[in-house]
Structure formats: structure tokens, C-alpha cells
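What follows is a set of notes on a single structure, which appears directly below.
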Ligand code: PEP
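Residue numbers (this note's numbering): 343 to 594.
Take a look at the structure:
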């Protein structure tokens, strides 16, 4: 089974309209490797500009950083998956650790978002990962298993097969402390085994599992070379088009 590598930029609350246009202009001057999929996740307010700048049928796809769990209604300040689709989004990040930490989104709440995104035919990028204290106390696999169990409740095998997972150890996000390729591979293999046990071996081979946490042009190659690491979710290093292009180019 060969899964197409996927490199996702999470710009977080960075890059307004002008910076989005400049980024797309810069990245469009380079030829991307044939066998890689690239997704840019700007803030909601830059999504329309991004889609227009990328153009119709673009090889680079647009994604959102979050969504609501209902299609519409009285949820002031929230954004529906249907609106994201109108903006040509194909992907949506769900459960980023910053949503879990600052907005108190837990696994059961995220489960509702996963159902909503999948029903709307958006591809969710479900983020999971342990805190530093959880790793130190030897709880990493328990935490990941709980995030999988509660987050994926009620989803069908074929829906799991179409998802993307992102293992993002919280201690590595924005800290410059990357997990070693061996540590990351160990957790990715655990995630795939967990899917095999709960949904069947065939379905475990299908989803792409990305690594995220201080990925840079220097460490991306060794991480993506691991058997169960199918790409990267990149925060800080995705803000510069030239750094992001270097990370994409390790997939050649
Ligand atoms: C992220 O925001 O998902 C992330 C991994 O950030 P960084 O690459 O900056 O650690």
C-alpha cells in the first residue's frame, strides 16, 4: 500500500489577504513534486482569497482550521462546513491542540465535528497527541487511544479510511522540540494498529497519518521517511513560502 504524501500548512491566526496572495504567487513559481498533495489552511477570512489565487482545478487544495458541528443555526461567530465548501475547501483541521487547550474542545465535542465534516464530504484532519506531562508519566498510548476511541465513536470503517490523522505531540508544537523520527514512528504505528484492531487491517492501511510539531526543512526528510508517517502538518515553517517549498520537496 503506498499512500500519497500529504503536506498541510496550518497558518493559524497569520496571513491576511495580501500575504495570502503573495504566498500563492511565490509557491506557484515552483514545480511541485508529482507525487505529493499540498493543502493550505489559512484563517477563515483568507479562504476566499486563497481559492481565487489558486484558481479552479488547482493542484494545491484549500483547507480550514476549524468548523462547527451543526450545518446552520444560532451559533454566533461560528462557521459551517457548508460555507467552507462554498469557499472550495476540501479539508478541515479538527481538534488541533490549540483548540483543545484554549477553547476546551474535548474528544466528545470533536466527535460531533468529525461526523459533520464527513457527512458534508470534507476530509477531516483529526489532530491527536499527548502533553509533555502525559509523555513523562508514560501515558502517551492511553491518551492517544482515548482520543481515537471517543473522537471516532459512531464512524464507519469506510469513513475512517478516508480520514487524515495528525499526530502532534503537544510538547513539540511551536516549541522547536521535534519528536525524533523513531518516537514519532512508534506512535504512528500505534495509531495504525489501533485502527486495525477497531476497524480492520484493510482500513488501517488507508488513512494518511501526518506528523506535526516543529517540522522544518531540516527534519522533514527523516520524519517522512518513516513507514507510517505519510506527511506533515506544518505550523511555523509554513508561513514562509520558501521554507514550505523545501518541506514539500523532501517528498520527491
Ligand atoms: C501546528 O500548528 O499544527 C504545528 C505543528 O505547529 P509548528 O509546526 O509551529 O510546531
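For glycine and all other residues, C-beta sits at the position ideal for the given N, C-alpha and C.
For residue i, which residues in the same chain have their Cβ closer than 6 Å to its Cβ, ignoring the five residues on either side in sequence?
i: residue 469; result: 437, 438, 508, 510
i: residue 548; result: 503
i: residue 424; result: 413
Suppose the cutoff is 7 Å on Cβ atoms and the five residues either side in sequence are ignored; what does the same chain contact list for residue i look like?
i: residue 476; result: 482, 485
i: residue 455; result: 409, 411, 436
i: residue 527; result: 568, 569, 570, 571
i: residue 420; result: 410
i: residue 591; result: 375
i: residue 542; result: 499
When the Cα of residue i is compared with those of the options, which residue comes out closest?
i: residue 512; options: 370, 359, 588, 444; result: 444
i: residue 391; options: 552, 356, 399, 360; result: 360
i: residue 546; options: 423, 388, 532; result: 532
i: residue 353; options: 345, 593, 377, 387; result: 387
i: residue 349; options: 365, 382, 555; result: 382
i: residue 502; options: 413, 372, 550; result: 550
i: residue 473; options: 427, 555, 397; result: 555
i: residue 407; options: 577, 504, 536, 560; result: 577
i: residue 448; options: 582, 351, 471, 559; result: 471
i: residue 489; options: 427, 394, 450; result: 450
i: residue 396; options: 497, 492, 363; result: 363
i: residue 495; options: 351, 579, 453; result: 453
Strictly by DSSP, which residues pair up with residue i?
i: residue 573; result: 348
i: residue 467; result: 435, 506
i: residue 380; result: 349, 402
Please confirm whether any heavy atom of ligand 1 lies closer than 7 Å to the CB of residue i.
i: residue 354; result: yes
i: residue 575; result: yes
i: residue 582; result: no
i: residue 514; result: yes
i: residue 599; result: With the chain running from 343 to 594 in the structure shown, residue 599 is simply not present.
i: residue 557; result: yes
i: residue 400; result: no
i: residue 563; result: no
i: residue 510; result: yes
i: residue 405; result: no
i: residue 351; result: no
i: residue 438; result: yes
Go through its chain and collect everything with a Cβ distance to residue i's Cβ below 8 Å, but skip five positions before and after it.
i: residue 432; result: 381, 403, 404, 405, 464, 465
i: residue 358; result: 385, 387, 388
What are the complete beta strand (DSSP E) segments, minimum 3 residues, inside the segment 489-568?
506-509, 550-554
Whole beta strand (DSSP E) runs in the segment 385-451 with 3 or more residues, listed along the chain?
402-406, 431-436
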